[in-house]
Amino acid sequence: MGLTLHDVEHILGIPVRGLAVYTEDERTPKRLLMDFLGLSDEVAENAIASNAFKGYAVKLSWLEMNFKEVSETDTDERVVCYARAYLLYVIGCTLFCDKSGGFVQLDLLPLLEDLDKVRTYGWGSSCLAFLYRHLGYASRNKAKQIGGFLILLEAWINEHFPTLHPVLDPEYTEELPRARRWCLHSKSGTSVEHYRRVLDDLLVDEVIFDPYKNRRQNVSDIAFYTGPIRAMSYVEPYLPDRVLR
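If you count by the UniProt record's numbering, then the sequence shown holds residues 1 to 245, one letter each, in order.
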(Lines of atoms letter the chains of each structure in order from A; the text may use other names.)
(Lines give C-alpha, C1' and ligand atoms only; values in the text may rest on other atoms or scores of the structure.)
Protein backbone atom coordinates (compact mmCIF):
# COMPACT_ATOMS: atom_id res chain seq x y z
CA MET A 1 0.00 0.00 0.00
CA GLY A 2 1.01 3.58 -0.50
CA LEU A 3 -0.24 7.08 -1.13
CA THR A 4 -1.56 7.56 -4.66
CA LEU A 5 -2.99 10.39 -6.73
CA HIS A 6 -6.38 8.81 -6.11
CA ASP A 7 -5.84 9.30 -2.37
CA VAL A 8 -4.73 12.90 -2.82
CA GLU A 9 -7.77 13.70 -4.94
CA HIS A 10 -10.18 12.41 -2.29
CA ILE A 11 -8.34 13.51 0.85
CA LEU A 12 -7.38 17.05 -0.16
CA GLY A 13 -9.90 17.82 -2.88
CA ILE A 14 -7.33 19.71 -4.96
CA PRO A 15 -6.47 19.07 -8.63
CA VAL A 16 -3.95 16.31 -9.32
CA ARG A 17 -4.14 16.96 -13.05
CA GLY A 18 -2.72 20.11 -14.61
CA LEU A 19 0.43 21.97 -15.52
CA ALA A 20 3.64 20.84 -13.85
CA VAL A 21 4.56 22.81 -10.73
CA TYR A 22 7.93 23.77 -12.14
CA THR A 23 9.61 26.86 -13.52
CA GLU A 24 12.90 27.54 -15.25
CA ASP A 25 12.91 31.15 -14.04
CA GLU A 26 16.44 32.14 -13.00
CA ARG A 27 15.75 35.44 -11.28
CA THR A 28 17.59 36.15 -8.03
CA PRO A 29 15.72 36.27 -4.71
CA LYS A 30 15.98 40.06 -4.73
CA ARG A 31 14.55 40.28 -8.24
CA LEU A 32 11.70 37.93 -7.32
CA LEU A 33 10.76 40.14 -4.38
CA MET A 34 10.76 43.20 -6.60
CA ASP A 35 8.92 41.68 -9.56
CA PHE A 36 6.24 39.66 -7.77
CA LEU A 37 5.81 41.22 -4.33
CA GLY A 38 6.32 44.84 -5.35
CA LEU A 39 9.27 45.65 -3.08
CA SER A 40 11.58 48.50 -3.98
CA ASP A 41 15.25 47.86 -4.72
CA GLU A 42 16.33 49.12 -1.30
CA VAL A 43 13.66 47.28 0.68
CA ALA A 44 14.36 44.03 -1.20
CA GLU A 45 18.09 44.42 -0.60
CA ASN A 46 17.59 44.91 3.14
CA ALA A 47 15.16 42.01 3.32
CA ILE A 48 17.58 39.60 1.65
CA ALA A 49 20.32 40.69 4.07
CA SER A 50 18.13 39.91 7.09
CA ASN A 51 17.93 36.59 8.92
CA ALA A 52 14.49 36.03 7.39
CA PHE A 53 16.12 34.71 4.23
CA LYS A 54 18.33 31.72 3.46
CA GLY A 55 19.11 31.74 -0.24
CA TYR A 56 15.75 31.32 -1.95
CA ALA A 57 13.99 30.37 1.29
CA VAL A 58 11.98 33.00 3.15
CA LYS A 59 10.49 32.74 6.62
CA LEU A 60 6.73 32.37 6.68
CA SER A 61 6.68 34.79 9.60
CA TRP A 62 8.29 37.47 7.38
CA LEU A 63 5.53 37.06 4.79
CA GLU A 64 2.88 37.27 7.50
CA MET A 65 4.41 40.37 9.05
CA ASN A 66 4.96 42.28 5.80
CA PHE A 67 1.81 41.28 3.89
CA LYS A 68 -0.73 41.02 6.67
CA GLU A 69 -3.51 43.16 5.24
CA VAL A 70 -4.31 45.62 2.48
CA SER A 71 -5.92 49.02 2.85
CA GLU A 72 -8.62 50.75 0.84
CA THR A 73 -6.00 53.07 -0.64
CA ASP A 74 -3.85 50.27 -2.07
CA THR A 75 -3.74 50.01 -5.84
CA ASP A 76 -4.97 46.92 -7.69
CA GLU A 77 -1.36 46.05 -8.46
CA ARG A 78 -0.49 46.20 -4.77
CA VAL A 79 -3.45 43.99 -3.88
CA VAL A 80 -2.25 41.39 -6.40
CA CYS A 81 1.20 41.42 -4.74
CA TYR A 82 -0.45 40.75 -1.38
CA ALA A 83 -2.47 37.92 -2.92
CA ARG A 84 0.74 36.32 -4.23
CA ALA A 85 2.35 36.63 -0.80
CA TYR A 86 -0.70 35.02 0.80
CA LEU A 87 -0.71 32.11 -1.65
CA LEU A 88 3.03 31.60 -1.14
CA TYR A 89 2.42 31.54 2.62
CA VAL A 90 -0.40 28.97 2.30
CA ILE A 91 1.69 26.75 0.03
CA GLY A 92 4.59 26.90 2.50
CA CYS A 93 2.30 25.96 5.40
CA THR A 94 0.68 23.06 3.59
CA LEU A 95 1.69 21.49 0.27
CA PHE A 96 5.41 22.28 0.45
CA CYS A 97 6.02 22.41 4.18
CA ASP A 98 9.75 22.01 4.84
CA LYS A 99 11.28 20.19 7.81
CA SER A 100 11.44 23.33 9.92
CA GLY A 101 7.85 24.24 9.11
CA GLY A 102 8.95 27.85 8.93
CA PHE A 103 10.25 28.52 5.41
CA VAL A 104 8.97 28.52 1.84
CA GLN A 105 10.85 28.82 -1.45
CA LEU A 106 10.68 32.15 -3.30
CA ASP A 107 11.19 30.43 -6.65
CA LEU A 108 7.52 29.40 -6.50
CA LEU A 109 6.55 33.03 -7.12
CA PRO A 110 6.71 32.87 -10.95
CA LEU A 111 3.92 30.26 -10.79
CA LEU A 112 1.78 32.85 -9.00
CA GLU A 113 2.36 35.65 -11.50
CA ASP A 114 -1.01 35.19 -13.20
CA LEU A 115 -3.54 34.56 -10.44
CA ASP A 116 -6.09 33.27 -12.94
CA LYS A 117 -3.61 30.57 -13.97
CA VAL A 118 -2.87 29.28 -10.46
CA ARG A 119 -5.80 26.85 -10.58
CA THR A 120 -4.44 25.23 -13.76
CA TYR A 121 -1.47 23.63 -12.00
CA GLY A 122 -1.50 20.06 -10.70
CA TRP A 123 -0.94 21.04 -7.09
CA GLY A 124 -2.10 17.67 -5.82
CA SER A 125 0.43 15.65 -7.80
CA SER A 126 3.23 18.05 -6.84
CA CYS A 127 2.22 17.80 -3.19
CA LEU A 128 2.52 14.02 -3.47
CA ALA A 129 5.93 14.25 -5.16
CA PHE A 130 7.15 16.57 -2.40
CA LEU A 131 5.90 14.20 0.29
CA TYR A 132 7.46 11.18 -1.45
CA ARG A 133 10.85 12.92 -1.44
CA HIS A 134 10.63 13.87 2.22
CA LEU A 135 9.46 10.42 3.27
CA GLY A 136 12.65 9.19 1.64
CA TYR A 137 14.70 11.72 3.59
CA ALA A 138 12.94 10.78 6.84
CA SER A 139 13.77 7.09 6.37
CA ARG A 140 17.49 7.78 6.70
CA ASN A 141 19.28 6.78 9.86
CA LYS A 142 20.13 10.26 11.15
CA ALA A 143 16.85 11.95 10.21
CA LYS A 144 15.09 13.67 13.11
CA GLN A 145 12.37 15.60 11.29
CA ILE A 146 10.13 15.22 8.28
CA GLY A 147 8.79 17.64 5.69
CA GLY A 148 5.77 17.49 3.44
CA PHE A 149 2.03 17.89 3.96
CA LEU A 150 1.64 15.56 6.92
CA ILE A 151 -2.12 16.11 7.19
CA LEU A 152 -2.34 14.19 3.90
CA LEU A 153 -0.31 11.34 5.37
CA GLU A 154 -2.23 11.31 8.65
CA ALA A 155 -5.61 11.33 6.91
CA TRP A 156 -4.46 8.48 4.62
CA ILE A 157 -3.49 6.44 7.69
CA ASN A 158 -6.85 7.13 9.31
CA GLU A 159 -8.70 6.04 6.16
CA HIS A 160 -6.91 2.70 5.89
CA PHE A 161 -6.10 1.64 9.46
CA PRO A 162 -9.17 1.93 11.74
CA THR A 163 -7.47 -0.14 14.47
CA LEU A 164 -5.39 2.96 15.25
CA HIS A 165 -8.68 4.47 16.49
CA PRO A 166 -8.87 7.73 14.55
CA VAL A 167 -11.53 10.17 15.78
CA LEU A 168 -14.31 11.08 13.34
CA ASP A 169 -15.39 14.70 13.05
CA PRO A 170 -19.17 14.74 13.70
CA GLU A 171 -19.57 17.81 11.48
CA TYR A 172 -18.14 16.13 8.37
CA THR A 173 -20.33 15.81 5.27
CA GLU A 174 -19.57 13.89 2.06
CA GLU A 175 -19.26 17.11 0.05
CA LEU A 176 -16.06 17.98 1.94
CA PRO A 177 -12.52 16.67 1.27
CA ARG A 178 -11.84 13.50 3.26
CA ALA A 179 -9.16 15.26 5.33
CA ARG A 180 -12.06 17.04 7.05
CA ARG A 181 -13.47 13.67 8.11
CA TRP A 182 -11.01 13.35 10.97
CA CYS A 183 -10.24 15.23 14.15
CA LEU A 184 -6.50 15.65 13.74
CA HIS A 185 -4.66 16.23 16.99
CA SER A 186 -1.11 17.47 17.44
CA LYS A 187 -0.61 14.94 20.26
CA SER A 188 -2.34 11.59 20.50
CA GLY A 189 -1.30 10.75 24.05
CA THR A 190 -0.22 7.31 22.84
CA SER A 191 3.39 6.16 22.68
CA VAL A 192 5.29 5.20 19.54
CA GLU A 193 5.84 1.77 21.06
CA HIS A 194 2.06 1.24 21.28
CA TYR A 195 1.58 2.02 17.59
CA ARG A 196 4.45 -0.29 16.67
CA ARG A 197 2.78 -3.14 18.55
CA VAL A 198 -0.56 -2.44 16.85
CA LEU A 199 1.07 -2.45 13.41
CA ASP A 200 3.05 -5.61 14.18
CA ASP A 201 -0.19 -7.40 15.13
CA LEU A 202 -2.20 -6.02 12.21
CA LEU A 203 -4.29 -8.53 10.24
CA VAL A 204 -5.37 -8.21 6.61
CA ASP A 205 -9.05 -7.92 7.48
CA GLU A 206 -8.24 -4.96 9.76
CA VAL A 207 -7.15 -2.85 6.79
CA ILE A 208 -9.60 -0.87 4.64
CA PHE A 209 -8.22 -1.20 1.13
CA ASP A 210 -10.91 0.81 -0.64
CA PRO A 211 -12.10 3.62 1.67
CA TYR A 212 -13.59 5.60 -1.23
CA LYS A 213 -15.79 2.85 -2.71
CA ASN A 214 -18.89 5.02 -2.30
CA ARG A 215 -17.23 7.71 -4.40
CA ARG A 216 -16.21 5.58 -7.36
CA GLN A 217 -18.35 7.61 -9.73
CA ASN A 218 -15.96 10.50 -9.10
CA VAL A 219 -12.79 8.59 -9.98
CA SER A 220 -10.58 10.49 -12.42
CA ASP A 221 -8.69 8.59 -15.09
CA ILE A 222 -5.55 10.20 -13.68
CA ALA A 223 -5.78 7.51 -10.98
CA PHE A 224 -4.42 5.06 -13.57
CA TYR A 225 -1.42 7.23 -14.50
CA THR A 226 2.07 5.75 -14.23
CA GLY A 227 5.19 7.87 -14.67
CA PRO A 228 7.08 10.76 -13.06
CA ILE A 229 5.46 13.40 -10.87
CA ARG A 230 7.17 16.68 -10.14
CA ALA A 231 7.43 19.35 -7.45
CA MET A 232 9.86 22.03 -8.65
CA SER A 233 13.32 20.37 -8.65
CA TYR A 234 11.99 17.11 -7.19
CA VAL A 235 11.06 14.43 -9.73
CA GLU A 236 9.68 11.23 -8.23
CA PRO A 237 8.65 7.94 -9.89
CA TYR A 238 4.93 7.29 -9.51
CA LEU A 239 4.19 3.56 -9.78
CA PRO A 240 0.66 2.83 -8.54
CA ASP A 241 0.78 -0.69 -10.00
CA ARG A 242 3.09 -1.54 -7.08
CA VAL A 243 0.37 -0.71 -4.56
CA LEU A 244 -2.67 -2.32 -6.18
CA ARG A 245 -5.50 -2.93 -3.75
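Using N, Cα and C, we set each Cβ at its ideal position, and we do this for glycine too.
Check: Quick check: what's the CA-CA separation for aspartate 243 versus leucine 164?; Outcome: Per the sequence presented here, residue 243 reads as valine, with aspartate not at that position. Roughly 21 Å between the two C-alpha positions.
Check: State the start and end residues of the unbroken alpha helix (DSSP H) segment that holds glycine 124.; Outcome: 123 to 138
Check: Using 8 Å as the threshold, is the segment 145 to 155 in touch with the segment 48 to 56, meaning 3 or more CB pairs across them?; Outcome: no
Check: Between valine 235 and glycine 122, how many whole angstroms is the CB-CB distance? I'm expecting something under 8 Å.; Outcome: Contact doesn't hold; Cβ gap of about 13 Å is too wide.
Check: In or out: threonine 4 buried (at least 16 other Cβ within 10 Å) or exposed?; Outcome: buried
Check: When the Cα of isoleucine 229 is compared with those of Gly124, Ala143, Lys213, which residue comes out closest?; Outcome: Gly124
Check: Helix, strand or coil for tyrosine 212 per DSSP?; Outcome: coil
Check: From this set, Ile222, Glu175, Tyr172, Leu32, which residue's C-alpha is nearest cysteine 81's C-alpha?; Outcome: Leu32
Check: Cα separation between aspartate 107 and aspartate 76?; Outcome: 23 Å
Check: Taking one C-beta from the segment 138 to 147 and one from the segment 91 to 105 each time, how about it: are there three or more such pairs within less than 8 Å?; Outcome: yes
Check: Please state whether the Cβ-Cβ distance between phenylalanine 36 and leucine 95 is less than 9 Å.; Outcome: no
Check: Measure how close the beta-carbons of proline 240 and histidine 160 come, nearest whole angstrom, since I'm counting them as under 8 Å.; Outcome: Not really, about 15 Å apart at Cβ, beyond 8 Å.
Check: Would you kindly check if the distance between the Cβ of leucine 112 and the Cβ of arginine 84 is under 9 Å?; Outcome: yes
Check: Leaving out the 5 sequence neighbours to the left and right, which residues in its chain are closer than 7 Å to arginine 180 when beta-carbon positions are compared?; Outcome: Asp169, Tyr172
Check: Could you give the distance in angstroms between the alpha-carbon of leucine 109 and the alpha-carbon of leucine 176?; Outcome: 29 Å
Check: For the candidate residues Gly38, Cys127, His6, Ile14, whose alpha-carbon lies nearest to that of serine 233?; Outcome: Cys127
Check: Starting from glycine 227, trace the beta strand (DSSP E) both ways and give me its first and last residue.; Outcome: 227 to 231
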